[in-house]
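Reviewing the structure listed below.
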Amino acid sequence: MTVTPKISIQNGNLVVHEKTILKGVPDNIVLTPGTGLGLLEGAFIGATATESKNIHVFPLGILEGLRFMCCFRFKLWWMTHRMGSCGKDVPLETQFMLVESKDGSPIEEMDAGGEEGTIYTVFLPLLEGPFRAVLQGNEQNQIEICLESGDKDVETTQGLHMVYMHAGTNPFEVINQAVK
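Counting from -10, one number per residue, gives the positions in the sequence shown under the numbering used here.
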């Protein structure tokens, strides 16, 4: 029996349950499907660079026309939420993001009633060894992964498990499974 991953990169797009979430995914982005009980709906996002540094900013892809909610750190000890529909709406220091994709995307076509076909995708930045990852947007509507060690002497050329993604039709279950 062959199990097909629900999250994949196809033709330069990040596809979740046959819905395009991000367009223009660069070639240096690596997707590792989750393994083990309950992880078939998830995957790890990683990236590689040619130069070893203590801070990397990896463009992940373009987010346009999909509603999202994110939590981001706006002060050293405080977080708050923000909602948006494109990459430039994603603030610096984003620690969690939930993206909603429906049949008939983009947003203007989402007026039809019913939740059938709605997929929720969690992006959860992680710690990887001495490095921490956060999400951020830029003016080109790209989602970026910022990977940093906080120490100028601790460098790397890659982060292979920087962000965990989990997807499904129930946002509460998706969030619960992503943080397990």
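Just so you know, even glycine gets a beta-carbon here, dropped at the ideal spot from N, CA and C.
TODO: State the beta-bridge partners of Pro114 as determined by DSSP.
DONE: Val152
Task: DSSP state of Lys77 mapped onto helix, strand, coil - done: Taken through DSSP and simplified to helix, strand or coil, Lys77 comes out as helix.
Task: Bridge partners - Ala122, DSSP secondary structure assignment - done: In DSSP, Ala122 forms a bridge with Leu136.
- [ ] Would you please state the rounded distance, in angstroms, between the beta carbons of Val14 and Gly50? I believe it to be under 8 Å.
- [x] 4 Å
Open item on the list: Whole angstroms are fine: how far does the CA of Phe57 sit from the CA of Met72?
Closed with: 6 Å
Open item on the list: Among Met154, Glu137 and Gly106, whose alpha-carbon lies nearest the alpha-carbon of Thr146?
Closed with: Glu137
Open item on the list: Whether or not the region 31 to 43 and the region 144 to 163 are in contact is what I'm after, with contact meaning three or more pairs of Cβ atoms, one per stretch, closer than 8 Å; do they touch?
Closed with: yes
TODO: State the DSSP-derived secondary structure class of Glu7, mapped to helix, strand or coil.
DONE: Residue state, collapsed to three classes: coil.
Task: Selected residue, minimal CA-CA separation from Asn17, among Ser90, Thr39, Val123 and Gly76 - done: Thr39
TODO: Drop a sphere of 10 angstroms on the beta-carbon of Asn130, count the other beta-carbons inside from all chains shown, and report buried for 16 or more, exposed for fewer.
DONE: buried
- [ ] Assuming Val88 and Thr107 form a contact by the criterion Cβ under 8 Å, report the distance between their Cβ atoms to the nearest whole angstrom.
- [x] About 11 Å separates the two Cβ atoms, so there is no contact after all.
Task: Phe120 versus His45 - alpha carbon distance - done: The straight-line gap from Cα to Cα measures roughly 10 Å.
Open item on the list: Buried or exposed for Ser189, going by 16 or more other Cβ atoms inside 10 Å?
Closed with: Given a span of -10 to 169 for the chain in the structure shown, any question on residue 189 remains unanswerable.
- [ ] Inspect the beta-carbon positions of Val143 and Gln84 and report whether they are closer than 8 Å.
- [x] no
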